[in-house]
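Here the working numbering is used: position 610 in the sequence shown is 981, and no number is missing along the way.
Beta carbons: idealized from backbone N, C-alpha and C, even for Gly.
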Amino acid sequence: MRVNTKQAVRLFFQNPSLIQVFKEAVANSLDANANRIDINIFIDSFDKQETLRIEIIDNGEGFTDYRYNKFCELLKVEENTHQGVGRLVYLSYFKKVEVRSLYDGQLRTFTFSDSFDENNTDMSLSQASDARQETKLVFTDCSMQRLNSYSDIMPERLRQEILKEFYPRLYILKSKGSNFQIKIKIDVPHRGKITVGTFETTITGNDIPNMSTVKIGTQTIDLFADSYLDYAIQEIDNFSATFLMTAFCVDNRTKVVGDIISLENLPSYGYNFIFLLRSSILNGKIDPSRQNLTLSDSVLKPLKVLFRKKIAEVIESQLPSVKEKNKRTKESLDKTYPHLLGYFNKDEVGIISKAKSVEDAQKLFMRDQKTILEAQSLDEEKYDKALDVSSRTLAQYILYREKIIAKVEQYTAVNSEADLHNLILPKRSILKDGNMDSIYTHNLWLLDNKYMTYTTVMSERTMTEVLDEITKKTNDIEDDGRPDIAIIFSDNPDKAEDGSVDVVIIELKKRGITLAKTEEVESQLQQRAIKLLNYFPNKIQRMWFYGIVEFTDDFRLSLENREYTPLFSKDYLYYRENSWKKSLEDDTKYTVGTYILSIDAFIKDAKAHNEIFLNILKEGFKQKRG
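Encoded structure:
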C-alpha cells in the first residue's frame with residue numbers, strides 16, 4: 372500500500388463506532404456480489420474486551436487479482452460511489468485482520484494490519500482443491516480499551532443498523548429476485564459469573580418492504596438533477612412501537628437524516644415508515660468515513676425542505692388521521708403562541724416537532740425585532756413592521772400573564788398565605804422605580820395595571836420603613852407592623868412642589884380561614900391608614916386600601932351590615948368610604964376608601980382584562996397574516 376496505513380487510519384477514522392466495522396465489511400461483501408454473509412462474534416465475557424473476535428464470511432467473488440490490487444491501492448477507485456478508505460476502519464478497533472479467500476480454485480491469504488504494504492506482505496496465493504467461493508475475514512487483537520456500548524456487538528442491534536445502512540442496496544437485490552441472507556450470531560460463554568449463551572438473527576428479503584416511488588422536483592437546486600422519494604408505509608402489530616427512518620441514499624448506502632420529520636407527529640404504535648431520497652445531487656457527497664455529508668448548506672437546506680414536503684404529502688394522502696392531527700397541531704400552536712401567528716411555516720407544522728416549529732418561528736420573529744431596533748430610520752414599511760413587532764412583544768408578555776393567572780387559579784386552602792404573597796411580590800423585597808426591566812419580578816398587575824409603575828414597592832416591610840420611604844426618613848413613628856404590600860407612586864413625584872406621593876396598602880388572607888380571621892383584614896387596613904393619615908396631605912396626596920380574602924356568605928353579610936357597597940366584578944368586590952380620625956387628640960375625620968375583594972374576584976377580573984388585550988392583539992395578527 373503506497374500510503375502510510377497507520378497514519379491514514381488516524382486521519383480518516385478518528386472516533387469511529389465499532390458498528391462501522393460491520394457496515395464496511397458488509398459493503399465489501401455486497402460489492403463482491405455475495406448473497407450469503409455470516410457475521411460471527413466471539414467474546415469470552417463482556418468485561419474482557421481483548422478477547423473480542425469477529426469472523427465475517429461471504430460467498431462473493433473473492434480476492435481475485437483485480438480485487439486484491441484494488442485493496443492495495445488506498446484512495447484509488449474507479450467508481451464515484453466508493454471512497455477507497457473504508458477498510459481502514461478495521462484497524463481502528465483491531466490490530467490484525469486475517470484474510471482467507473477461495474475463488475476459482477485458488478486460495479489467497481494475507482494479513483491486513485497498520486504495517487500492511489503490497490511489497491512487503493505475507494500474501495500467499497496457491498491452488499486449492501476446495502471448489503467453494505468463500506472469503507473469510509477474522510478480526511483479532513482488539514485494540515480498544517473498552518467498547519462504547521455492548522449493544523454494538525449484539526445481533527439485534529447490528530441487524531437494525533445494517534438494514535438502515537443498506538436499505539437501497541438490499542431493495543435492489545430483492546427487486547432482482549436475489550435470495551440473499553445475512554446471518555448475525557454472537558457467542559458469549561460468560562458475563563462475569565453469569566452464563567450468557569448464543570444469540571443470532573437473520574436478514575432476508577422478507578425484511579425489506581416493497582417500496583413506492585414518486586419524483587421530487589429538485590430543479591431549483593440542480594437543473595439537471597433526477598430526484599426520487601422511495602417510501603414504504605407498513606401497518607404492523609399494534610403493540611409494536613412505530614419505526615421511522617428518513618435517509619439520503621448516497622452511493623447505494625444510506626445516510627440517516629434525523630431532522631426531517633418528528634416521530635411525535637405519527638401514530639405511536641402499529642406502523643413502519645421508511646423514506647429514502649435518491650438524487651444525482653448526492654452522488655459521492657459524503658466524507659471518507661461515511662459519517663458526514665459534504666453538501667454545502669446552500670444545497671443541503673433546500674434539499675431537506677423538498678424531502679420533508681414530499682414526505683408530508685405522502686403521509687397525509689395515505690393516513691387521513693395524521694392529516695387531521697396536523698391540523699389540530701396548527702390550531703394549537705396558533706392558540707398557544709398567538710404572537711407568532713404568520714411566522715410558523717405552514718408546510719412544516721405538524722411534520723417537524725412542535726418545539727422545532729416554535730424555535731424556527733421565534734428566530735424569524737427575533738430577526739424582525741433586530742431589524743427594527745437596528746434601523747437608523749423608519750420608512751412606511753418599517754414603521755408598519757415596528758408596530759406589528761411591538762404588538763407581538765406585548766402579546767408575548769400577556770401570554771406570560773396567562774400562566775401566572777393559571778397558577779393563582781390552582782391555589783386552595785392547602786396553600787399558605789405566603790404562596791399567594793410571593794406570586795404577587797416576593798416577601799421582604801423592595802423594588803425601586805418600576806420599569807420594563809422589572810415587569811417579570813412582580814405581578815402587581817393582578818390587582819390593577821396602574822400599579823405596574825411605581826416609585827417604590829415594599830413587601831412585608833415594617834410601617835417604620837414604609838413611612839421613612841414616604842417622608843424621606845423624617846418621620847418619628849416607630850411601628851413594627853408589616854403591611855403585606857405597600858406601593859408608593861406618583862405621576863411625577865420629582866417635580867411635585869411638595870414632593871407628595873400616592874400610597875396603596877394591600878393585605879392578604881389565605882383561603883380556608885375562619886370568619887374572625889377574615890375580618891381581621893379590615894382592622895389591619897384601618898391601623899395602616901391611621902399611621903398614614905399623620906402625613907396627609909403634606910406628604911401623601913391620595914391613598915387606596917385593599918383587602919384580598921376568601922368570601923363566604925357570612926362574610927358578605929358582615930360587609931353589607933357595615934354598609935359596604937358591592938361593585939361590578941366577576942366575583943365579589945365591595946367598597947366603603949370610612950371616616951377615620953388619626954388620633955384621640957384631633958377630632959378631624961378623614962375619608963378613606965377601602966376595597967375588600969374576594970380571591971376569586973382578584974383572579975377572575977385579572978383574567979378578563981388580560982383576555983381582552985390578548986383577543987384584540989390576536990385579531991390584528993390574523994388580519995395581517997391573511
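Would you mind sorting residue i into buried or exposed? The rule is 16 or more other CB atoms within 10 Å of its CB.
i      : result
Asn814 : buried
Met536 : The residue you asked about is not Met; residue 536 is Glu in the sequence shown. Flag for Glu536 reads buried.
Tyr640 : exposed
Ser546 : exposed
Gln590 : exposed
Lys910 : buried
Asn404 : exposed
Asn430 : buried
Glu730 : exposed
Asp957 : exposed
Thr889 : buried
Pro854 : buried
Ser969 : buried
Phe939 : exposed
Gly655 : exposed
If I'm right that residue i touches residue j with Cβ under 8 Å, what's the distance once you round it to whole angstroms?
i      : j      : result
Val585 : Tyr599 : 7 Å
Leu988 : Ser762 : 6 Å
Met834 : Ile801 : Not a contact, Cβ separation roughly 14 Å.
Phe916 : Gly964 : 7 Å
Ile817 : Phe678 : According to the sequence shown, residue 817 is Leu rather than Ile. Incorrect: roughly 48 Å between the Cβ atoms, too far for contact.
Phe487 : Val470 : Incorrect: roughly 10 Å between the Cβ atoms, too far for contact.
Ser572 : Glu532 : According to the sequence shown, residue 572 is Thr rather than Ser. Not confirmed; about 12 Å, so no contact.
Thr625 : Tyr708 : 35 Å between Cβ atoms; not a contact.
Ile557 : Arg530 : With 8 Å as the limit, Ile557 and Arg530 do not qualify as a contact, their Cβ atoms being about 11 Å apart.
Ile769 : Ala977 : With 8 Å as the limit, Ile769 and Ala977 do not qualify as a contact, their Cβ atoms being about 11 Å apart.
CA-CA distance, residue i and residue j?
i      : j      : result
Leu794 : Val779 : 8 Å
Val874 : Asp924 : 31 Å
Thr613 : Phe646 : 14 Å
Asn550 : Tyr542 : 11 Å
Arg458 : Asp485 : 11 Å
Glu702 : Leu671 : 30 Å
Thr827 : Leu896 : 19 Å
Arg738 : Glu893 : 52 Å
Lys467 : Ala396 : 14 Å
Gln898 : Lys975 : 29 Å
Cys443 : Asp658 : 20 Å
Tyr771 : Phe417 : 52 Å
Phe984 : Leu711 : 16 Å
Phe383 : Ile410 : Its pLDDT being 49, under 50, Phe383 is placed unreliably in this model, and the value from its coordinates should be taken loosely. Taking the straight line from one Cα to the other gives about 25 Å.
Asn643 : Glu719 : 21 Å
Ala732 : Ile592 : 24 Å
Ile390 : Lys798 : 58 Å
Trp951 : Lys960 : 5 Å
Gln454 : Phe595 : The predicted model places Gln454 with a pLDDT of 47, which falls under 50 and marks its position as unreliable; any figure quoted below should be read in that light. One C-alpha to the other measures close to 24 Å.
Glu606 : Ala683 : 18 Å
Asp345 : Leu462 : Here the chain covers residues 372 to 997 and nothing more, so residue 345 does not appear.
Ser688 : Lys881 : 56 Å
Glu982 : Asp705 : 15 Å
Asn577 : Gly713 : 46 Å
Ile723 : Gln740 : 25 Å
Asp436 : Leu401 : 18 Å
Thr480 : Ile412 : 21 Å
Leu666 : Leu674 : 10 Å
Leu508 : Ala726 : 47 Å
Ile967 : Gly870 : 29 Å
Phe619 : Asp630 : 12 Å
Phe992 : Lys774 : 21 Å
Cβ contact (3+ pairs, closer than 8 Å) linking the stretch 492-506 and the stretch 569-581
Because the criterion of three Cβ pairs below 8 Å is not met, the stretch 492-506 and the stretch 569-581 do not touch.
Okay, do the stretch 630-638 and the stretch 690-706 touch, 3+ Cβ pairs below 8 Å being the bar?
Judged by Cβ distances under 8 Å, the stretch 630-638 makes contact with the stretch 690-706, as three or more pairs qualify.
Do three or more CB pairs link the stretch 780-790 to the stretch 818-827 at distances below 8 Å?
With contact defined as three or more Cβ pairs closer than 8 Å, the stretch 780-790 and the stretch 818-827 are not in contact.
Are three or more beta carbon pairs between the stretch 743-751 and the stretch 649-662 nearer than 8 Å?
In short, these stretches do not touch, since the Cβ pair count stays below three.
The stretch 660-668 touching the stretch 747-757, judged by at least three CB pairs closer than 8 Å
Here the stretch 660-668 makes no contact with the stretch 747-757; the two share fewer than three CB pairs at distances below 8 Å.
4 or more residues per run - each alpha helix (DSSP H) lying fully within the stretch 697-756:
If one requires a minimum length of 4 residues, the alpha helix (DSSP H) runs lying completely within the stretch 697-756 are 725-745, in chain order.
Whole runs of the beta strand (DSSP E) within the stretch 586-664, excluding any shorter than 3 residues:
Taking only runs of at least 3 residues, the beta strand (DSSP E) segments lying wholly in the stretch 586-664 are 598-606, 614-621, 624-627 and 642-650.
Which runs of the alpha helix (DSSP H) spanning at least 4 residues fall entirely within the stretch 375-445, listed in chain order?
Those alpha helix (DSSP H) runs which fall completely within the stretch 375-445 and span 4+ residues are 376-383, 389-402 and 436-443.
Counting only runs that start and end within the stretch 480-534, where is the beta strand (DSSP E) found for 3 or more residues in a row?
Within the stretch 480-534, the complete beta strand (DSSP E) segments of 3 residues or longer fall at 495-498 and 505-513, listed in chain order.
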